[in-house]
Amino acid sequence: MSRFERKILFAIGLTVFLTLGGSIFFAQGALREVYQVGVNERFGQELVHGVEARRDLLIALRDGSEQVADAIGWAVEAELIETASPRAMEALLVDLLARYPGVRGIRVAEGDRLYANAAREPDPNGEPMRATVRNREITARGRNLRVEVEVVVSEMYFQRLQEAGEVADVYSRLQRESASVSDVYVWVFGVLVFLVVVVAFLIGAIASRRVTHRVTVLAEASRRVGAGDLTVTLPTGATDEVTELTQAFNDMVRDLRDSRTRIEYLQRISAWQDFARRLAHEIKNPLTPIQLAVQEMDETYTGDDAGYREKLEHARAIIEEEVATLRRLVGEFSAFARLPRADLSPADLCELIRSIQDSVPAILEDIGEDGPALVDVQVSCATKPMHVRMDLMMLRRGVDNILRNAIQAVYAAKPTGGGHVLLRAYSLEKSAFIEVRDNGPGIAREDWERVFDPYYTTKDEGTGLGLAIVKKVVLEHGGEVSLDRAPEGGARFRMELPLMSSS
Ligand SMILES: Nc1ncnc2c1ncn2[C@@H]1O[C@H](COP(=O)(O)OP(=O)(O)OP(=O)(O)O)[C@@H](O)[C@H]1O
Ligand SMILES: [Mg+2]
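Sequential numbering from 3 applies to the sequence shown in the numbering used here.
Next comes the structure, spelled out in structure tokens:
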């Protein structure tokens, strides 16, 4: 586990612990307080008193119904003594029903026989009632009558009593268990906190592992770059800040790599320039004495050996020709050695292309009399202006070198004509391009790097300096030169130069 991961996990743990731990503490206090206010002795007693009061009410209702039954019994007895007529008795019963609302019906029986009867009409919307029958025995005028009084009490009173009893029960249980109940809450809450901490740790570990892994990879890559390895590139996956960082890192390494190759190439070129200067110097000095010596040998011979004279003249011709070639080489070497640094100033690329176009006939003449007839050169430039910071003379020389190579290549490969060379300039995004391509033999893939090295040539009269100069010039312009196969089958050289931001 990395330090970063440990820090993140610690922060998550601390946050969860402080917030949930704090809330347990307060919740526990609050619970205790709630219990103290809600679950106490007096409150419980009040509840018990409530239950007792309801029971007393029911008892009072029962007593009341006994008295009503007594009163009805006496009234029936008085009626019996007075009239002994069942009709009159029934009228009395109706009367009594009207007087006692708690009575639903009165039945007077003699043995098994009904004597008189009155009942209230049942009320379909009435509340549920509980009925009890109270019996009274009456003896008068030698008869035995039984009065059955049906008394009703609202079911609600019984229900209320039962409910109050249950509440009081629950309450007294709560009261007994109050201490342990609040402990249980704290326990449950504690377990919950523990689970939340575990889950938070897991999520934190997974999330931070993903980030730290990538940061570690970046750190490791940075160390490698620091140690000089510029081949490092990191995969970029998702889209987040770390990806942006990785992308920026890749760009930085690529830029470093580019500028290192650039610097290395320029250093190499400057070493070669040094070498060319010394070589030119060493070769140039003995050339004049060699030429003078052979001239003198030829001119001062006075003998009459015709064969020897002929050999002497032949040798003088060869030596003078080779000395001339050496002089030309020395001239090119010292020109290469003296090659100045590019001095950049803003100019339009098409201006350069036009001036090269003007020199095409001269280049064609240079390769041979039939050059203009055998090689077709097309030059074009994009219509919109392309402003580039450049050294017009040097860049012109670079393009000239590439163009000359192309013309020489197609001329050599197609001695009977049909050679085409295309030179064009165009821009794409932030770069301007100068492209030269031909339908000559092209360059083998394995030589694509080598052709830019100084002194690499496949020509008898070549110095191999042309493309080296091209590369030096382009690099000094902050650009790049590349080589691949042209669609026409020959070679395609492409210079890429940074466009000025205004164009
Ligand atoms: N368009 C081309 N088609 C085929 N080969 C080419 C082309 N351009 C360059 N080359 C190859 O690259 C080599 C190097 O070219 P470079 O211009 O550096 O030197 P050179 O042309 O041989 O000599 P110099 O430029 O002094 O005449 C050439 O000798 C040739 O083999
Ligand atoms: Mg060349």
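Here a beta-carbon is modelled for each residue, glycine too, at the ideal position from N, C-alpha and C. These figures come from a predicted structure and were not determined experimentally.
| Check | Outcome |
| --- | --- |
| Cut-off 8 Å between Cβ atoms - residues of its own chain near ARG226, not counting five sequence neighbours on either side | VAL234 |
| Any 3 or more C-beta pairs closer than 8 Å across the segment 465 to 482 and the segment 409 to 420 | no |
| N- and C-terminal bounds of the beta strand (DSSP E) containing GLY107 | 105 to 112 |
| Between the CA atoms of ARG487 and TRP274 - distance to the nearest angstrom | 28 Å |
| Sufficient close CB pairs (3 or more, under 8 Å) joining the segment 265 to 273 to the segment 323 to 330 | no |
| HIS479 - containing alpha helix (DSSP H), residue span | Element bounds for HIS479: n/a, residue is neither H nor E. |
| Of the residues ARG122, LYS432, ASP114, THR141, the one placed nearest ARG101, counting alpha carbons only | ARG122 |
| Burial state of MET299, where buried means 16 or more other Cβ atoms lie within 10 Å | exposed |
| Start-to-end residues for the beta strand (DSSP E) that takes in MET396 | That residue, MET396, is in no beta strand (DSSP E); its alpha helix (DSSP H) goes 394 to 415. |
| Cross-strand partners of VAL149 (DSSP beta bridge) | VAL110, ARG138 |
| Close Cβ partners of GLN410 (< 7 Å) along its chain, the five nearest in sequence each way excluded | ILE369 |
| Contact belief for ARG264 with LEU477 at Cβ below 8 Å, rounded distance in angstroms | 5 Å |
| ILE436 in three-state terms, based on DSSP | strand |
| Straight-line gap, VAL70 to ARG138 (C-alpha atoms, nearest Å) | 11 Å |
| Test item: CB-CB of ILE140 and ARG148 under 9 Å | yes |
| Stretch pair the segment 62 to 78 + the segment 96 to 113: three plus CB contacts closer than 8 Å | yes |
| Buried/exposed call for GLU315, threshold 16 Cβ in 10 Å | exposed |
| Spatial distance of GLU84 from ASP114 (CA atoms) | 23 Å |
| Backbone CA spacing between VAL155 and GLN164 [nearest angstrom] | 15 Å |
| Helix, strand or coil at SER87 according to DSSP, with G and I counted as helix | coil |
| Pair within 9 Å by beta-carbon distance, LEU49 and ALA142 | no |
| Close Cβ partners of GLY481 (< 7 Å) along its chain, the five nearest in sequence each way excluded | MET497, GLU498, LEU499, PRO500 |
| Proximity of PRO363 and HIS389 at Cβ, strictly below 9 Å | no |
| Pick from ALA434, SER4, VAL201 that is closest to SER503, judged by C-alpha positions | ALA434 |
| THR302 versus ILE365: straight-line alpha-carbon distance, rounded | 43 Å |
| Reduced DSSP category for MET254 - H, G, I as helix; E, B as strand; rest coil | helix |
| MET299, DSSP secondary structure in three states | helix |
| Straight-line gap, GLU448 to LEU430 (C-alpha atoms, nearest Å) | 28 Å |
| Quiz: which residues have CB nearer than 5 Å to ligand 2 non-hydrogen atoms | ASN407, GLY468 |
| Nearest neighbour of ARG162, chosen from ALA13, GLY52, THR459, GLU463 [CA to CA] | GLY52 |
| contact_flag[the segment 182 to 195, the segment 25 to 34] where n(CB pairs < 8 Å) is 3 or more | yes |
| N- and C-terminal bounds of the alpha helix (DSSP H) containing PRO374 | 373 to 376 |
| Secondary structure, alpha helix (DSSP H): runs of 4+ residues fully inside the segment 223 to 291 | none |
| Per DSSP, cross-strand counterpart(s) of MET131 | SER156 |
| GLU490 versus GLY442: straight-line alpha-carbon distance, rounded | 8 Å |
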